[in-house]
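Input: a single structure, listed below in structure tokens.
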Amino acid sequence: MTADFFIFMLINGLCQGMLLFIIASGLTLVFGVLRVINFAHGSLYMIGAFLAYSLSTFLSGGSLLNFFLLMLVIPPGIALLGFFLEVTLFRRVYREEHLLQLLLTYALVLILDELVRLIWGGDPRSVARPDLLAGSVDIMSMALPSYNLFILFIGPALALGMWLMLYKTRAGNLMRAAVTYPDTLGALGVNVSWVMTSTFMLGCWLAGLGGVLMAELANIDLGIGMEKIIECFAVVVIGGLGSVGGALLGSLIIGVGITFFQLPFGRWALLFPYLVMAVVLILRPWGLFGKPER
Amino acid sequence: MAEAILRIENLSKSFEGSVVFDDISFTLVEGELSSIIGPNGAGKTTLFNLITGYHIPEQGKILFRDQEITGMQPFDIVRLGIARAFQKTNIFPRMTVLENAVATVITRQKGNLNLYTPFTNLKAAHEKAYAILESVGLADMAKRQSGTLAHGNQKRLDIAVALALEPRLLLLDEPTAGMSPEERRQIVKLVQELWERLKITMLFIEHDMDIVFGISEKVRVLCYKTILAEGTPKEISGNQRVIEAYLGEEV
Amino acid sequence: MRDRNLDKPTTNNLNWVIGVAVAVALALLPFVLAGFGRTGEYWIWVSTEMIIMGLFAMSLNLILGFGGMVSFGHAAFFGVGAYTVALLMKKGGVPFFLALMAAPVTAAMAAAVIGWFCVRLIGLYFAILTLAFGQLLYMIVFQWYTFTGGDDGIHGIPRPEILGPTGYYLLCLVLFLACLLLMRMIVNSSFGLTIRTIRENMERAKFIGINVRRYQWLNFIIAGAFAGLAGGLLAELNRFAQTEFLHWSKSAEPILASLVGGMYSLLGPAIGSAVLMFLKVFLQQMHQRMVEVWAIILGLILLVVVLFAPGGLVGLYQKMFSKSES
Chain A
63 MTADFFIFML
73 INGLCQGMLL
83 FIIASGLTLV
93 FGVLRVINFA
103 HGSLYMIGAF
113 LAYSLSTFLS
123 GGSLLNFFLL
133 MLVIPPGIAL
143 LGFFLEVTLF
153 RRVYREEHLL
163 QLLLTYALVL
173 ILDELVRLIW
183 GGDPRSVARP
193 DLLAGSVDIM
203 SMALPSYNLF
213 ILFIGPALAL
223 GMWLMLYKTR
233 AGNLMRAAVT
243 YPDTLGALGV
253 NVSWVMTSTF
263 MLGCWLAGLG
273 GVLMAELANI
283 DLGIGMEKII
293 ECFAVVVIGG
303 LGSVGGALLG
313 SLIIGVGITF
323 FQLPFGRWAL
333 LFPYLVMAVV
343 LILRPWGLFG
353 KPER
Chain B
51 MAEAILRIEN
61 LSKSFEGSVV
71 FDDISFTLVE
81 GELSSIIGPN
91 GAGKTTLFNL
101 ITGYHIPEQG
111 KILFRDQEIT
121 GMQPFDIVRL
131 GIARAFQKTN
141 IFPRMTVLEN
151 AVATVITRQK
161 GNLNLYTPFT
171 NLKAAHEKAY
181 AILESVGLAD
191 MAKRQSGTLA
201 HGNQKRLDIA
211 VALALEPRLL
221 LLDEPTAGMS
231 PEERRQIVKL
241 VQELWERLKI
251 TMLFIEHDMD
261 IVFGISEKVR
271 VLCYKTILAE
281 GTPKEISGNQ
291 RVIEAYLGEE
301 V
Chain C
833 MRDRNLDKPT
843 TNNLNWVIGV
853 AVAVALALLP
863 FVLAGFGRTG
873 EYWIWVSTEM
883 IIMGLFAMSL
893 NLILGFGGMV
903 SFGHAAFFGV
913 GAYTVALLMK
923 KGGVPFFLAL
933 MAAPVTAAMA
943 AAVIGWFCVR
953 LIGLYFAILT
963 LAFGQLLYMI
973 VFQWYTFTGG
983 DDGIHGIPRP
993 EILGPTGYYL
1003 LCLVLFLACL
1013 LLMRMIVNSS
1023 FGLTIRTIRE
1033 NMERAKFIGI
1043 NVRRYQWLNF
1053 IIAGAFAGLA
1063 GGLLAELNRF
1073 AQTEFLHWSK
1083 SAEPILASLV
1093 GGMYSLLGPA
1103 IGSAVLMFLK
1113 VFLQQMHQRM
1123 VEVWAIILGL
1133 ILLVVVLFAP
1143 GGLVGLYQKM
1153 FSKSES
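Protein sequence lines, in the order shown, are assigned to chains A, B and C.
Mind the numbering: the first sequence is residues 63 to 356 in my numbering, read in order.
Mind the numbering: the second sequence is residues 51 to 301 in my numbering, read in order.
Mind the numbering: the third sequence is residues 833 to 1158 in my numbering, read in order.
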């Protein structure tokens, strides 16, 4: 393997990882604040992707403007959907056992995934990349798709934005406080319920954004929801639940891993996240999210 | 003569950077009935958790009958002969009192892998279970769902389950917590009776000083992240440092 | 008729009489239906599937109601059983009865491997892991086109001549009853008591000397084996095996069936499964396209159960009619 090829693969892997990070960070943030693992996060991502497809068929031309329009409109739409879900469903089960919450989100996945199938059918779709990003850039004699580079920049930008929001804004501070001191926060007069709802909406926004970006990256089909949520699980296995930094690390590892695994294993590279989970479980059998306590 | 049954050597435990206790050591002699006292949060229950394998210490060793058990799995430690009754009642709520005991007896006899005999047919196990329930005074409630028992009786069941393990060392975590004075008396009487009859080593955590000084042979004070003092009840109640640090509040 | 309550093994004679009566009635059913020609044959087929899916649901409930753990990947073992029969018979020319015996074995092996990883975690994380590894098996079967036929599945599984619709129905019924008795034996045994003990209080179970992980693992394998048998029976019934059998959404049916029919009884899941199947068939009769939204309906029912009757309908029933809660 030449150095050029290695770097080419690495960049592609990082790009995959960044996209995964966008989605996984939403999941982990929601867990951190609401203590709910939202299975349906993958479905929301998928809905975002398919909405991008539908919307793009209405917009003509491959202009950058259309592309940004997709990014501007769809994630908030998903966030709105998230709002309704949170208010009508999730809110009712915060106090319940985790497993009950799990069944709830599982039921949602059943419903949402099937709805996607009914509305859009089983054929794979894709969205054309905006003209400006449709080509490739020559880096060290390898032609790197411009779109991948774009994602490679968006990812860290988003990570930075999230870090800034979480640590430098009042809203972010409230979210972080809600993770550690949910009851105290209420006692201080903060509308905790609103903090939770908006965190959930942010998580959904991220899922939607991930979906929009994915639709131009590769073909989307009915399986991407479940596929993504399992990749997210592998991410939190590595990085820990509730940690955005951990999500970044985990996502990059998974992204790069899958990409490099394709070389020897082709389409079986999709098994990489599972391998990761299995290995972690052998090495840290006391559980993933703690030190060697029992 | 009297051998050491439990040796704690240089044990230290912290949780997320916060030190619970540091470098504590003591030895339990076989057949001893002793207690550990100390202010809330001093780490008494944590100590029990370490002995029974629920947590792993940062440093130090625990030896049971000269075998190192630090870091062993709880179920292995139980099999070696250490049993524990819990502070917060820790029974099997939807099973009957009898089933609680029978399950423990069967486990003690390593009969868990039996996939075919209905457990209700295991006469020997049932007899043993009944005997244990009788020794704690719960025999007449055998068929009741254990979760519906009054608090005091649940504690008795907790002790019964611990006894069903035929332990050499019994750890009792605040056996009289949350009880009325009468219930308290009964439990103390029970503990003393069991100790005299079964001759097992008992170590209990207690806040009620009357009980502590009433029945313990030896008292150890866990305070300020260390064993502040160790001695007979008389010695401890007269110990100036202990009085200042802890007893002052209680007395 | 009261379900045989898992937590109170009963030797009630009345239950036995009723049970035998019902079994006999079920055995005579196909002969009655055979008199209705085409429709009759359809209903024999539906009834056979109900029995098979009932077995599948009961197998999951060993983990769920009885073991106290939610497994979202149980369909994987069902699918493994199905593909075992399909592959052995279609590609290996193995006679049906041998292939059927292999189904629970391969499923048990899959459950042993997957279960080993999953029981390292508990509760929530266990559930997620079962979903992930179940989906892993699905993906392997899906991708391995040369061996499993991938998306196409395996079609045209031969049917032994002696087994017509009625014959096959009776075979399934007999196996179902045999499995029911086996499960009952396991549940009432010391092993069963151990599993219940773990369910009731996992921490305390450790503190009475139970190697919790090991018993959960064994229970998982047993449940997987029964699921594999069910899968094998379904493959032969439909004469094909397809990847959907292992899909994560297929795991929803036994979960819902157990919740609806009663988690704490042996037969509850089977009854719940039958109810759901009746519903499915009924909806299909009403409007052909209804079966396409079946997953949505399942999801909605599950939502309702979770939100309004978290103890399950049986929990509700128990609260209303219970005398044992004193």
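Just so it is clear, CB atoms sit at the ideal spot from N, CA and C, and this is done for glycine as well.
Since this is a predicted model, take the numbers as computed values, not measurements.
Opening and closing residue of the alpha helix (DSSP H) in which residue i lies
i: residue 125/A; result: Where residue 125/A is concerned, there is no enclosing alpha helix (DSSP H), given that its DSSP letter is neither H nor E.
i: residue 1129/C; result: 1126-1140
i: residue 914/C; result: 907-922
i: residue 199/B; result: No alpha helix (DSSP H) holds residue 199/B; DSSP gives it neither H nor E.
i: residue 255/A; result: 254-279
i: residue 99/B; result: 94-101
i: residue 73/A; result: 65-96
i: residue 245/A; result: 244-249
i: residue 158/B; result: 147-158
i: residue 860/C; result: 845-866
i: residue 993/C; result: Premise fails: residue 993/C is in no alpha helix (DSSP H) and is neither H nor E.
Segment limits, beta strand (DSSP E) that includes residue i
i: residue 71/B; result: 68-79
i: residue 57/B; result: 54-65
i: residue 110/B; result: 109-114
i: residue 1028/C; result: Where residue 1028/C is concerned, there is no enclosing beta strand (DSSP E), although the alpha helix (DSSP H) it sits in stretches over 1022-1032.
i: residue 134/B; result: 132-135
i: residue 879/C; result: Unbroken run through residue 879/C is the alpha helix (DSSP H), 869-896; no beta strand (DSSP E).
C-beta atoms of residue i and residue j nearer than 8 Å
i: residue 55/A; j: residue 151/A; result: Past the boundaries of the shown model lies residue 55/A; chain A is included only from 63 to 356, so the question cannot be answered.
i: residue 319/A; j: residue 338/A; result: yes
i: residue 142/B; j: residue 135/B; result: no
i: residue 1060/C; j: residue 939/C; result: yes
i: residue 223/A; j: residue 88/A; result: no
i: residue 899/C; j: residue 1095/C; result: no
i: residue 1105/C; j: residue 885/C; result: yes
i: residue 1122/C; j: residue 1115/C; result: yes
i: residue 125/B; j: residue 1041/C; result: yes
i: residue 272/A; j: residue 78/A; result: no
i: residue 149/A; j: residue 261/A; result: no
i: residue 168/A; j: residue 101/A; result: yes
i: residue 215/B; j: residue 252/B; result: no
i: residue 1069/C; j: residue 881/C; result: yes
i: residue 1092/C; j: residue 1107/C; result: yes
i: residue 910/C; j: residue 1063/C; result: yes
i: residue 114/B; j: residue 280/B; result: no
i: residue 138/B; j: residue 105/B; result: no
Any non-hydrogen atom of the ligand GTP within 7 Å of residue i CB
i: residue 1013/C; result: Ligands are entirely absent from the displayed structure, and the ligand GTP is therefore not among its contents.
Opposing strand residues paired with residue i [DSSP bridges]
i: residue 1004/C; result: Answer is none; residue 1004/C lacks a bridge partner.
i: residue 281/B; result: 269/B
i: residue 1117/C; result: The partner list for residue 1117/C (beta bridge, DSSP) is empty, contrary to what the question assumes.
i: residue 168/B; result: 1021/C
i: residue 1073/C; result: 986/C
i: residue 254/B; result: 85/B, 222/B
i: residue 117/B; result: 114/B
i: residue 118/A; result: DSSP, once it has assigned bridges, lists no residue as partnering residue 118/A.
i: residue 276/B; result: 273/B
Expected contact under 8 Å - CB spacing of residue i and residue j to nearest Å
i: residue 336/A; j: residue 965/C; result: 7 Å
i: residue 132/A; j: residue 117/A; result: 6 Å
i: residue 333/A; j: residue 971/C; result: 7 Å
i: residue 272/B; j: residue 98/B; result: No, residue 272/B and residue 98/B are not in contact; Cβ-Cβ is about 11 Å, not under 8 Å.
i: residue 55/B; j: residue 78/B; result: 5 Å
i: residue 90/A; j: residue 270/A; result: That pair is no contact at about 16 Å.
Inside the stretch 136-209 of chain A only - beta strand (DSSP E) runs reaching at least 3 residues: Taking only runs of at least 3 residues, the beta strand (DSSP E) segments lying wholly in the stretch 136-209 of chain A are 198-201, 204-207.
Completely contained alpha helix (DSSP H) runs for the stretch 924-961 of chain C, where each covers 4 or more residues: Complete alpha helix (DSSP H) runs here, min 4: 928-950.
Ranges of the alpha helix (DSSP H) found wholly within the stretch 203-252 of chain B, counting only runs of at least 4: As far as the stretch 203-252 of chain B is concerned, its whole alpha helix (DSSP H) runs of at least 4 residues are 231-248.
Contained alpha helix (DSSP H) runs [length at least 4] in the stretch 270-343 of chain A, N- to C-terminal order: Residue ranges of uninterrupted alpha helix (DSSP H) with 4 or more members, entirely inside the stretch 270-343 of chain A and ordered along the chain, are 286-301, 306-327.
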